[in-house]
Each structure stands twice: as C-alpha cells, then as structure tokens.
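Colleague:
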Amino acid sequence: MARETVHKDHPLQRHPRRARPAPPRSVVNHEALASCVAKSLTRIADTLASVEITAVLYPTEQMKLALAEIYAHMIRFFLRAQDWLTESSWMRALHSVTHPKELRYDDILQDITAATTHFQRLAVAASQAEQRDIHPRLKQQLTAAAGHQQINASAMYNTNTALTDLQFSSILNSLSNPPLDDPDKVLQQATFLRSRAALHRKATHDAFWLHPRFQTWSESSSSNLVMVQGTFSGRSAMRACLIDAIDAIRQANATALWALKTSDPAAVAPHSGASISSVELLKYLTAQALRLGGPPSTTTERTLALSCARFQTARGEREWIGLLAGSLASMGSKHVFIVVDVELLGREAAAGIAQCNETRGSSSDRFTLPESLKELFAQVKARAPGIVVKVLLVSYGSPLFRAISDVYREDVLLAGRPRPQRSRAAGRAAHGGLGIRRGQLRRKLGL
Numbered sequence: 002m003a004r005e006t007v008h009k010d011h012p013l014q015r016h017p018r019r020a021r022p023a024p025p026r027s028v029v030n031h032e033a034l035a036s037c038v039a040k041s042l043t044r045i046a047d048t049l050a051s052v053e054i055t056a057v058l059y060p061t062e063q064m065k066l067a068l069a070e071i072y073a074h075m076i077r078f079f080l081r082a083q084d085w086l087t088e089s090s091w092m093r094a095l096h097s098v099t100h101p102k103e104l105r106y107d108d109i110l111q112d113i114t115a116a117t118t119h120f121q122r123l124a125v126a127a128s129q130a131e132q133r134d135i136h137p138r139l140k141q142q143l144t145a146a147a148g149h150q151q152i153n154a155s156a157m158y159n160t161n162t163a164l165t166d167l168q169f170s171s172i173l174n175s176l177s178n179p180p181l182d183d184p185d186k187v188l189q190q191a192t193f194l195r196s197r198a199a200l201h202r203k204a205t206h207d208a209f210w211l212h213p214r215f216q217t218w219s220e221s222s223s224s225n226l227v228m229v230q231g232t233f234s235g236r237s238a239m240r241a242c243l244i245d246a247i248d249a250i251r252q253a254n255a256t257a258l259w260a261l262k263t264s265d266p267a268a269v270a271p272h273s274g275a276s277i278s279s280v281e282l283l284k285y286l287t288a289q290a291l292r293l294g295g296p297p298s299t300t301t302e303r304t305l306a307l308s309c310a311r312f313q314t315a316r317g318e319r320e321w322i323g324l325l326a327g328s329l330a331s332m333g334s335k336h337v338f339i340v341v342d343v344e345l346l347g348r349e350a351a352a353g354i355a356q357c358n359e360t361r362g363s364s365s366d367r368f369t370l371p372e373s374l375k376e377l378f379a380q381v382k383a384r385a386p387g388i389v390v391k392v393l394l395v396s397y398g399s400p401l402f403r404a405i406s407d408v409y410r411e412d413v414l415l416a417g418r419p420r421p422q423r424s425r426a427a428g429r430a431a432h433g434g435l436g437i438r439r440g441q442l443r444r445k446l447g448l
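Under our numbering, think of the first position of the sequence shown as 2, with each following residue one higher.
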C-alpha cells in the first residue's frame, strides 16, 4: 500500500499528457485527392509540351493515333477532376471516403502513362527510320562529292599538263634559232654527200675503231669520251665514219645526238659564220635532247617554269652543261651517244684548249670542251646514275685537236695512216666509209 501511495503521489501522475487525436479519414483522403489532382495537372502539362513537339516532327498515322489516345485519357481525367471540383463540400467529404484517389484517378493516370510511353517508343522508331533513310542519301552525296572531286582533280591535272606543254614549248622556242640546220636534215645531206664522195674515193685509212682505246670506250659501262684525229686528206672518210656510227646507233634503238659539218655552206646558220662556239654546240645538243625526250612526266608546272627561266637566261658553258645534263637525265634512255664533228668549232674554242695547261689547276674559271664533257658526265651521274653517256669527237685537221695538252692526249686516237686500196666494187659492197663493215662497227660500239 505504501508503494501505491507513493506512485499516486508522483508529480507526473498529477498532470497526465493527453494524446493528440488522429484526423478523420475523410480529411486525409481529401488532402491526398487534392494533391493528386494538382500534381497530375502539372505532369499532364509537361507531357503535352513534349508530345506536341514530337507529333510535329513525326506526323505519321501511328503517331496521330497514339496522340489521340493520350488526349482521350487526359479528357477523361479532366472530366473526373471537374466533377470533383463542382461537387458540394458534403459530397466531397463523402466521396473522399467512398472514392479515394486510388479508386478515382489511378487507373486514368496509368492509362496516360502507358499511352505516353507508347507514343515515345513510336517517336524513337520514327527517328531510327529517318536515320536509316538518311544513310543512303549520305552515301549518294559522298559518291557525288567524290565524283566531283575526281572531275576537278582531272581538270586541274589537264590544266597543269596544258600549262606544262606551253612552258615546254616556250623552252623549245628559246632554242628555235640554232646555229646549225635541223639535225635530221643535216644527217640526210651528209648521207647524200657520203654516197657521192664514195664514187671518187681512192684510198681508205686505218681502222681506228680496232684500237684498244676505242674498244675500251665502247665497252665501258660508265660515261666516257674518245677523240679521233684524222688528216685533212681523209676528211671525207672521217665524215662517212661518223654517219655510219650514227646509223648503227639508231638501228640499235639507242639514243644518238649529233652535230655534223657538211661541205654545204647553207648548213650553217648565216649569223654564225663558218663555225660555231662551244656554247652554241651545247645549246644545239640540248635542243635535240629535249625534242627526243619531251617534258618529264614528274615535272610540275613550277619546276618547269623555273627551268624555262634558266633556259632563257643561260649564257656560259657551265650553265648549258647543267641544262644539257638535266635534259639527258630526263630522257629515260640508258645509253646516249653524242657524235660531234669538231671542225664545227671556231678559233675561240681552239684558243680555249690551247690555254688548258695554263688554267688547269689554277683559279681560272675558263672552261674547255673536254673539261665541259667530263663535267657533263659527273652531273648526269649525280642526277640519273643509270644513264651512260658516250661522246665521240672527230677532227681532221682542226687546230683545236692540235692544241690539246698532254692531259687529254691519252683520249686522242690518231687515224691518218693510209692502207692499200681494195677494188672499188668489193670495197663498196662490203664496207662503209672507212673500209669498216657496218655490223662490225655496231659491235664495236657495244650495240
């Protein structure tokens, strides 16, 4: 009893805390229903904004049907919400108990969500179909662009070719006034004179082509020079030998460049008198090399324009040696033979040879013909190592050869010793200009 008395006298028991009564069920349902209507209206507004844009982007029949279904469910929701708003307070209180939000709006909201999801899936499928249609169009456009690019590239290439041809023609025009006549015309005239002189030739000369130095020159696998010195009395035979050598080279489909002298004064241009300079000789040979080789296939418009300027401004022997080397390197022929009648050169070239001993090894920049040719070999080897250039110089009384120093004496072959005469008929039937068989000369030239 004492414990009970103390418990009853406890201060907490004197003023007990009263529990807060729970709100009525109708009030809770009414609050949830009002909140559901407000949130649903907001979601429907957001859904309408995205649905309308998608419907404009993909106006297909399926999209229209799906959009109509969404609108139908939304109208149903609006009608139910309107009914709820227009009810009296007592009816809303009653329906909040008998028709809570789960029974009144959840089914329509689920239908709206399902219809919206279906609509979005249709939009994704339409987007993929549109991308699928774009791919072939892009491929067609890429193909068309590639075709236009090829056409433009072809047009640019053709224009570059046309410009290159024009510039190459400009180079040939700068060489259009040679000191000698056309090489083919000169060769044809020399062949005619050889045939006419053969009827009156009384003697033949020693076969210099059998000399070991000549055989070494013809069989060499590198660029080389050989000089043959004859006599004035045997000039016709020496000229005939040059023609036979050119014929043998051309019959072997090798490249031949030549500068021949005929007894016809018209064969030499009037402005050059009876002889030409070494620069004019190099210029004449360069023109032949360009006509035979044509413009190189790898030459661009810019490089050919620079070459055109070099051809138009070249003056000295060194410059023309470089141009001749470039022309020979671009011909594409592995063997190039250059045959020159030194009697074409004038006294200035002979004077240059005479001063060779004085200038060789000194600081003088004077160029002589043998040094020019050796420089030509070096430049051709540097530009096109696979090309072999062989030069045959022939003279029959020119002061140029008599002035050659001992430095080049080893490159000179003497051809002037007379040989016993054979019968004219047998000689003409079997031999060429110097009693040489044409097939033998061709073999000695390494062809």
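Virtual Cβ for every residue (Gly too), placed ideally from N, Cα, C. Only a predicted model underlies this, so the values are computations on that prediction, with no experimental measurement involved.
Using alpha carbons as the reference points, say which of Arg316, Asp166 and Val343 lies closest to Arg292.
Modeller: Position 291 of the sequence shown, counted from the start, is the residue given in the question as residue 292. Nearest option by C-alpha distance: Asp166.
Colleague: Helix, strand or coil for Lys382, going by three-state DSSP, please let me know.
Modeller: The residue labelled residue 382 in the question sits at position 381 within the sequence shown. In the structure shown, Lys382 sits in a helix (DSSP, three-state: H, G or I).
Colleague: So for Asp342, helix, strand or coil by DSSP?
Modeller: Your numbering for residue 342 matches position 341 in the sequence shown. DSSP places Asp342 in strand when its eight states are reduced to three.
Colleague: Since I believe Val341 is in contact with Ile247 (beta carbons under 8 Å), could you give me their beta-carbon distance rounded to a whole number of angstroms?
Modeller: In the sequence shown, counting from the first residue as 1, residue 247 sits at position 246. In the sequence shown, counting from the first residue as 1, residue 341 sits at position 340. Not really, about 11 Å apart at Cβ, beyond 8 Å.
Colleague: Which of the three DSSP states, helix, strand or coil, is assigned to Ala257?
Modeller: Here residue 257 refers to the residue found at position 256 when the sequence shown is read from its first residue. Looking at Ala257 - three-state DSSP - the assignment turns out to be strand.
Colleague: Are there three or more Cβ pairs, one per stretch, closer than 8 Å when the region 277-290 is compared with the region 174-182?
Modeller: Judged by Cβ distances under 8 Å, the region 277-290 makes contact with the region 174-182, as three or more pairs qualify.
Colleague: Just the Cα atoms here: how many angstroms apart are Trp321 and Gln189?
Modeller: Mapped onto the sequence shown, residue 321 falls at position 320. Mapped onto the sequence shown, residue 189 falls at position 188. If I take the Cα positions, the gap works out to 27 Å.
Colleague: Rounding to the nearest angstrom, what Cα-Cα distance links Lys382 and Glu372 in this structure?
Modeller: For the purposes of this step, residue 382 is taken as the residue at position 381 of the sequence shown. For the purposes of this step, residue 372 is taken as the residue at position 371 of the sequence shown. Their backbone Cα atoms lie some 15 Å apart in a straight line.
Colleague: Under a three-way DSSP split, which group does Asn225 fall into?
Modeller: The residue given as residue 225 occupies position 224 in the sequence shown. Asn225 falls in the strand class under three-state DSSP.
Colleague: Which whole-angstrom value describes the C-beta separation of Ser334 and Thr256, a residue pair presumed to lie in contact below a C-beta threshold of 8 Å?
Modeller: Working through the sequence shown from its first residue, we reach residue 334 at position 333. Working through the sequence shown from its first residue, we reach residue 256 at position 255. Confirmed, about 4 Å.
Colleague: Rounded to whole angstroms, what's the CA-CA distance from Ile388 to Gly231? Just pull it up for me.
Modeller: Taking the sequence shown and counting its residues from 1, the one referred to as residue 388 is at position 387. Taking the sequence shown and counting its residues from 1, the one referred to as residue 231 is at position 230. Their Cα atoms are separated by approximately 30 Å.
Colleague: Please state whether DSSP places His336 in a helix, a strand or coil.
Modeller: Numbered from 1 along the sequence shown, position 335 holds the residue referred to as residue 336. Residue state, collapsed to three classes: strand.
Colleague: So, is Phe233 buried or exposed, given that buried needs 16 or more other C-beta atoms within 10 angstroms?
Modeller: As a working mapping, residue 233 is identified with position 232 in the sequence shown. Exposed.
Colleague: Once the 5 residues before and after Gly327 are set aside, which same chain residues still bring their CB inside 7 Å of it?
Modeller: As a first step, residue 327 must be located in the sequence shown, where it is residue number 326. Within the same chain, Gly327 has close Cβ partners Arg384.
Colleague: Can you give me the Cβ contacts of Gln63 inside the same chain, cut-off strictly under 7 Å, excluding the 5 residues immediately before and after it?
Modeller: As a first step, residue 63 is located in the sequence shown; it is residue number 62 there, counting from the start. Counting only Cβ-Cβ distances below 7 Å, and skipping sequence neighbours, we find Leu123.
Colleague: Report yes if the C-beta distance between Ala33 and Pro101 is below 9 Å; otherwise report no.
Modeller: Looking up residue 33 in the sequence shown gives position 32. Looking up residue 101 in the sequence shown gives position 100. A contact, by the Cβ cut-off of 9 Å.
Colleague: In whole angstroms, what separates the C-alpha of Gln150 from that of Gln141?
Modeller: Residue mapping note: residue 150 aligns to position 149 of the sequence shown, counting from 1. Residue mapping note: residue 141 aligns to position 140 of the sequence shown, counting from 1. Straight-line Cα distance between these residues: approximately 14 Å.
Colleague: Using a 10 Å radius around the Cβ and a threshold of 16 neighbouring Cβ atoms, would you call His74 buried or exposed?
Modeller: Here residue 74 is taken as the residue at index 73 of the sequence shown, counted from 1. Result: buried.
Colleague: Check Ala416 in the structure and name its three-state DSSP category.
Modeller: In the sequence shown, counting from the first residue as 1, residue 416 sits at position 415. If DSSP states are grouped into helix, strand and coil, Ala416 belongs with the strands.
Colleague: Which residues share a DSSP beta bridge with Leu393?
Modeller: On the sequence shown, residue 393 is found 392 positions in, with the first residue counted as 1. Leu393 is bridged to Val227 and Val340.
Colleague: What distance in whole Å lies between the Cβ atoms of Thr48 and Thr462, which are believed to be in contact at a cut-off of 8 Å?
Modeller: Because the chain here runs from 2 to 448, residue 462 falls outside it and cannot be looked at.
Colleague: Give me whichever residues DSSP pairs with Ile277 in a beta bridge.
Modeller: Taking the sequence shown and counting its residues from 1, one reaches residue 277 at position 276. Leu346.
Colleague: Excluding sequence positions up to five away, which residues of its chain have a Cβ less than 7 Å from the Cβ of Leu329?
Modeller: The residue given as residue 329 occupies position 328 in the sequence shown. For Leu329, where only same-chain residues beyond five positions count, the Cβ hits under 7 Å are Ala290, Val337, Val381, Ile388 and Val390.
Colleague: Relative to the C-alpha of Lys40, which candidate in Asp107, Thr61 and Tyr72 has its C-alpha closest?
Modeller: Start at 1 with the first residue of the sequence shown, and residue 40 comes out as number 39. Out of Asp107, Thr61 and Tyr72, Asp107 has the C-alpha closest to the C-alpha of Lys40.
Colleague: Tell me the residue span of the alpha helix (DSSP H) that contains Trp218.
Modeller: Here residue 218 refers to the residue found at position 217 when the sequence shown is read from its first residue. That run of the alpha helix (DSSP H) goes Pro213 to Glu220.
Colleague: Could you check the C-alpha separation between Ser155 and Phe169 for me, to the nearest Å?
Modeller: The residue labelled residue 155 in the question sits at position 154 within the sequence shown. The residue labelled residue 169 in the question sits at position 168 within the sequence shown. For Ser155 and Phe169, the distance between alpha carbons rounds to 20 Å.
Colleague: Where does Ala145 sit, in a helix, a strand or coil, going by DSSP?
Modeller: The residue labelled residue 145 in the question sits at position 144 within the sequence shown. Three-state DSSP puts Ala145 in a helix.
Colleague: Indicate the three-state DSSP secondary structure (helix, strand or coil) for Leu86 in the structure shown.
Modeller: Reading the sequence shown from its first residue, position 85 is the one you call residue 86. It is helical.
Colleague: With distances taken between CB atoms, is the gap from Ser223 to Gln313 smaller than 9 Å?
Modeller: The residue you call residue 223 lines up with position 222 of the sequence shown. The residue you call residue 313 lines up with position 312 of the sequence shown. Cβ distance not < 9 Å, so Ser223 and Gln313 don't count as in contact.
Colleague: Exposed or buried, which one is Arg240 when buried takes at least 16 other CB atoms within 10 Å?
Modeller: Looking up residue 240 in the sequence shown gives position 239. By the neighbour-count rule (16 or more Cβ atoms within 10 Å), Arg240 is buried.
Colleague: Residue range of the alpha helix (DSSP H) that Ala238 falls in?
Modeller: As a first step, residue 238 is located in the sequence shown; it is residue number 237 there, counting from the start. From DSSP, the alpha helix (DSSP H) with Ala238 extends over Arg236 to Gln252.
Colleague: Short check: CB of Leu370 to CB of Val229, under 9 Å?
Modeller: Here residue 370 refers to the residue found at position 369 when the sequence shown is read from its first residue. Here residue 229 refers to the residue found at position 228 when the sequence shown is read from its first residue. No, they are not a contact pair.
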